[in-house]
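**Student:**
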Amino acid sequence: MQVKIARKFAVATDICAFELVRPDGAELPAFSAGAHVDVMLRDGLMRQYSLCNSPSESHRYLIAVLRDANSRGGSIAMHALEEGGLLEIGEPKNHFALHAQARHSVLLAGGIGVTPILSMAETLDREGAAFEMHYCTRSPARTAFRERLARARFSERVHLYFDDAEAGERLRLDRLLAQPRPDTHLYVCGPAGFIAAAMDAAKAAGWDDANVHREFFAAAPAQEGGGAFQVTLSSTGRVIDVASDMTVVSALAQAGVEVPTSCEQGVCGTCLTRVLSGEPDHRDVYLTDEEKAANDQFLPCCSRSRSPMLVLDL
Ligand code: FES
Numbered sequence: 003m004q005v006k007i008a009r010k011f012a013v014a015t016d017i018c019a020f021e022l023v024r025p026d027g028a029e030l031p032a033f034s035a036g037a038h039v040d041v042m043l044r045d046g047l048m049r050q051y052s053l054c055n056s057p058s059e060s061h062r063y064l065i066a067v068l069r070d071a072n073s074r075g076g077s078i079a080m081h082a083l084e085e086g087g088l089l090e091i092g093e094p095k096n097h098f099a100l101h102a103q104a105r106h107s108v109l110l111a112g113g114i115g116v117t118p119i120l121s122m123a124e125t126l127d128r129e130g131a132a133f134e135m136h137y138c139t140r141s142p143a144r145t146a147f148r149e150r151l152a153r154a155r156f157s158e159r160v161h162l163y164f165d166d167a168e169a170g171e172r173l174r175l176d177r178l179l180a181q182p183r184p185d186t187h188l189y190v191c192g193p194a195g196f197i198a199a200a201m202d203a204a205k206a207a208g209w210d211d212a213n214v215h216r217e218f219f220a221a222a223p224a225q226e227g228g229g230a231f232q233v234t235l236s237s238t239g240r241v242i243d244v245a246s247d248m249t250v251v252s253a254l255a256q257a258g259v260e261v262p263t264s265c266e267q268g269v270c271g272t273c274l275t276r277v278l279s280g281e282p283d284h285r286d287v288y289l290t291d292e293e294k295a296a297n298d299q300f301l302p303c304c305s306r307s308r309s310p311m312l313v314l315d316l
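The numbering of the sequence shown is our numbering, which starts it at 3 and goes up by one.
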């Protein structure tokens with residue numbers, strides 16, 4: 003669908019927010035806390051951005067984008083956009099939804115990973131649900147939406163931590179996550195290293211996997227290596243070669259077999275494909291450790307194979 007950039011404004015050093023509305027002023031499709039939209043940029047470049055306004059608003063979507071020096075083009079292209087311009091976006095999708103059964107929620111954000119967490123905080127506050135929010139950034143100047151959080155009704159539930167603060171004032175994940183409870187859910191969003199640290203701390207403290215939810219705002223760094231292998235389509239028995247410099251998705255596409263994709267970075271789960279035999283080499287950040295160990299599904303946009311052949315349910 004087409005949207006107009008009604009407003010573009012800085013919310014921290016190197017972070018711009020974009021307010022997106024329908025060009026005709028009509029309502030936008032509803033979304034739930036934790037949802038993101040695909041944003042189509044030039045030359046077929048597509049990026050996913052979490053919606054960070056309250057889902058109770060139907061007249062706008064708010065996204066925020068960090069200008070990333072290591073970006074593959076998405077954040078630079080976004081920052082070059084101007085107010086009044088038109089953008090093509092997809093309908094909101096949610097892989098990071100709040101759990102209705104939670105009696106208490108711990109929201110944990112690292113850097114620009116605050117975007118879906120903000121929307122979650124707004125929702126939990128509106129519902130009168132118990133929650134706490136912990137938000138780590140490099141410095142106050144790099145803390146997106148600091149003003150909004152200070153003015154929020156739930157501001158006393160928000161705890162800010164800065165990397166440039168004294169050691170005693172930084173976030174101690176081991177302390178924060180020390181006491182898991184069956185009715186408490188943890189939601190984590192941020193860079194891969196931040197999420198990995200939170201996952202490790204939660205695991206060490208004995209959190210149940212089912213109570214821990216995470217959303218990467220960017221894929222984990224690509225892992226190098228991986229030789230050639232083959233995949234078999236179980237429906238026809240056709241065998242397709244996957245060269246060492248190709249993804250399974252691109253090898254399949256070259257053979258005329260389309261697998262739906264979105265992020266192409268192992269983040270969103272769109273390309274999830276059942277594996278009937280063989281051992282995948284999981285390189286995504288979408289499946290849980292348990293799901294990976296079962297070896298009965300994989301993300302062919304980034305994952306490869308440890309066995310010479312994978313039989314796919316295609
Ligand atoms: Fe997003 Fe494969 S396309 S995980």
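By construction, the Cβ of each residue, glycine as well, lies at the ideal position given by its N, Cα and C atoms. Note that the structure is predicted; figures quoted are calculated from it, not measured.
1) Confirm, please, whether the CB-CB distance from Tyr-63 to Leu-22 is below 9 angstroms.
2) In whole angstroms, give me the CA-to-CA distance for Arg-155 and Glu-124.
3) Could you give the first and the last residue of the continuous alpha helix (DSSP H) run that contains Met-80?
4) For Pro-223, which three-state DSSP category applies?
5) Mind pulling the alpha helix (DSSP H) runs of 4 or more residues that sit fully within the stretch 175-245?
6) Compare the C-alpha of Ala-37 against each of Phe-20, Gly-228, Asn-55 and Arg-44 and name the closest.
7) Measure the alpha-carbon distance for Ala-79 versus Gln-256 and round it to whole angstroms.
8) The beta strand (DSSP E) with Ser-52 in it runs from where to where?
9) Taking the continuous alpha helix (DSSP H) assigned at Asp-315, which residues delimit it?
10) Using a threshold of 8 angstroms, is the CB atom of Gln-299 nearer than that to any non-hydrogen atom of ligand 1?
11) Work out the CA separation of Gly-239 and Ala-32 for me, nearest whole Å.
12) Tell me whether Gln-267 is buried or exposed, calling it buried when 16 or more other Cβ atoms sit within 10 Å of its Cβ.
13) From the DSSP output, which residues share a beta bridge with Leu-110?
14) Could you please go through the chain and list the residues whose beta-carbon is closer than 6 angstroms to any non-hydrogen atom of ligand 1?
15) Would you identify the three-state DSSP class for Asp-298, choosing helix, strand or coil?
16) What does the Cβ neighbour count give for Leu-101, buried or exposed, with the cut at 16 atoms within 10 Å?
17) Return the bridge partner residues of Cys-18 from the DSSP annotation.
18) Check the C-beta distance from Gly-87 over to Ile-7 and give it rounded, since I have them as a contact under 8 angstroms.
19) Quickly, what does DSSP pair Tyr-163 with across the bridge? List them, please.
20) Are the CB atoms of His-161 and Met-201 within a distance shorter than 9 angstroms?
21) Where does the unbroken alpha helix (DSSP H) through Ser-58 begin, and where does it stop?
22) Taking DSSP as the reference, what is the three-state secondary structure of Met-122?
23) Can you tell me the Cβ-Cβ gap for Cys-304 and His-97, rounded? I've got them flagged as a contact below 8 angstroms.
24) Does the beta-carbon of Pro-302 have 16 or more other beta-carbons within 10 angstroms, so that it is buried, or is it exposed?
25) Decide if the stretch 202-215 is in contact with the stretch 175-190; the criterion is three or more beta carbon pairs, one per stretch, under 8 angstroms apart.
26) Helix, strand or coil for Thr-117, going by three-state DSSP, please let me know.
27) Taking the alpha helix (DSSP H) that Glu-149 belongs to, which residues open and close that run?
28) So what's Gln-256 in DSSP terms, helix, strand or just coil?
29) Is it buried or exposed for Arg-49, if we count other Cβ within 10 angstroms and need 16 for buried?
30) Flag this pair as yes or no: are the beta carbons of Cys-273 and Val-241 separated by less than 9 angstroms?
**Tutor:** In short, the structure shows the following:
1) yes
2) If I take the Cα positions, the gap works out to 9 angstroms.
3) 76-82
4) Here Pro-223 scores only 43 on pLDDT, less than 50, and its place in the model should not be relied on; the value that follows carries that caveat. Reduced to three states, the DSSP call for Pro-223 is coil.
5) 175-178 and 194-207
6) Asn-55
7) 28 angstroms
8) 48-52
9) Note, Asp-315: premise wrong, no alpha helix (DSSP H); not H, not E.
10) no
11) Across the structure, Ala-32 and Gly-239 are spaced so that their CA atoms are roughly 42 angstroms apart.
12) buried
13) His-136 and Val-190
14) That query returns the following residues: Thr-263, Ser-264, Cys-265, Glu-266, Gly-268, Val-269, Cys-270, Gly-271, Thr-272, Cys-273, Asp-286, Tyr-288, Leu-301 and Cys-303.
15) coil
16) The sequence shown places His at residue 101, not Leu. With fewer than 16 other Cβ atoms within 10 Å, it is exposed.
17) The bridge partners DSSP lists for Cys-18 are Ala-12 and Val-67.
18) 5 angstroms
19) Tyr-163 pairs with Cys-138.
20) By the CB criterion at 9 angstroms, Met-201 and His-161 fall outside the cutoff.
21) Element bounds for Ser-58: n/a, residue is neither H nor E.
22) helix
23) Not a contact, Cβ separation roughly 16 angstroms.
24) buried
25) yes
26) helix
27) 148-153
28) helix
29) With 16 or more other Cβ atoms within 10 Å, it is buried.
30) no
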